[in-house]
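Numbering (this note's numbering), first residue to last: 38 to 208.
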């Protein structure tokens, strides 16, 4: 029987504690309805696109690695679209202000992704993967996730706002 690195277990425990604390505070704040500003939805994906471009520039993928990068981006976008659809968006009938409320399902979705990410990062080297490239793929995946989430929310919120305004003009 092979003994694992005891320091690795400390890393697992610290990561788990930090994730639990963050999720605890996030779940508490999910009860509140927040204003949704369509004009600001592009900011997070744009900043993360810069981070992703920097990461990829520092360790430029080669050959078939670009295929994996595109797959990670597409898979992130697919899951991000689903995550965006889980967000609750409503329009105030009188003021036509948009409001959003995070869904507990969306938070659980992110928790599962965090667990998968941690597992991949911790086990990548033992499975023969290049840890730096796995990290790059996770960054690209996150870009697809954030961008698609915000795009889905933008399109749906704009449609709901147009419907609310059309209903107000008919009345």
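Yeah, the Cβ is synthetic: ideal placement off N, Cα and C, and Gly gets one too.
None of these values were measured; they are calculated from a predicted model.
For residue 72, list the residues DSSP reports as bridge partners.
BP columns for residue 72 point to 136.
Can you have a look at residue 173 and say buried or exposed, based on whether 16 or more other CB atoms are within 10 angstroms of its CB?
Around the CB of residue 173, 16 or more other CB atoms lie within 10 Å, so the residue is classed as buried.
Collapsed DSSP secondary structure at residue 101 in the structure displayed
Here residue 101 sits in coil by DSSP.
Can you tell me the Cβ-Cβ gap for residue 144 and residue 63, rounded? I've got them flagged as a contact below 8 Å.
The C-beta separation of residue 144 from residue 63 comes to about 6 Å, placing the pair in contact by the 8 Å criterion.
Say yes only if the C-beta of residue 49 is nearer than 7 Å to one or more non-hydrogen atoms of the ligand SAH, and no if none qualify.
The ligand SAH is not part of the structure shown, which contains no ligands of any sort.
Out of 92, 192, 83, 169, point me to the one whose CA is closest to residue 127's CA.
For residue 127, the closest of 92, 192, 83, 169 by C-alpha to C-alpha distance is 192.
Sub-8 Å separation of residue 229 and residue 84 beta-carbons
As shown, the chain starts at 38 and ends at 208. That puts residue 229 outside it, with no answer to give.
Identify every residue that forms a DSSP beta bridge with residue 126.
DSSP lists 137 as the bridge partner or partners of residue 126.
Under 8 Å, do residue 163 and residue 117 count as touching if we go by C-beta distance?
The answer is no: Cβ separation not under 8 Å.
Cα-Cα separation, residue 47 to residue 171:
Rounded to the nearest whole angstrom, the CA to CA distance from residue 47 to residue 171 is 22 Å.
Using only the alpha-carbon positions, how far apart do residue 156 and residue 112 sit?
Rounded to the nearest whole angstrom, the CA to CA distance from residue 156 to residue 112 is 18 Å.
CB-CB length for residue 133 against residue 202, believed under 8 Å
About 6 Å separates the two Cβ atoms, so the contact holds.
Let me make sure I understand the geometry here. Which of 200, 194, 151, 181 has the alpha-carbon closest to that of residue 77?
Across the set 200, 194, 151, 181, the C-alpha of 194 shows the shortest separation from the C-alpha of residue 77.
For residue 163, the first and last residue of its enclosing alpha helix (DSSP H)
Following the DSSP letters along the chain, one finds residue 163 in no alpha helix (DSSP H), marked with neither H nor E.
Buried or exposed for residue 107, going by 16 or more other Cβ atoms inside 10 Å?
It counts as exposed.
Are residue 75 and residue 148 closer than 8 Å when you measure CB to CB?
One thing to note: residue 75 has its Cβ no nearer than 8 Å to the Cβ of residue 148.
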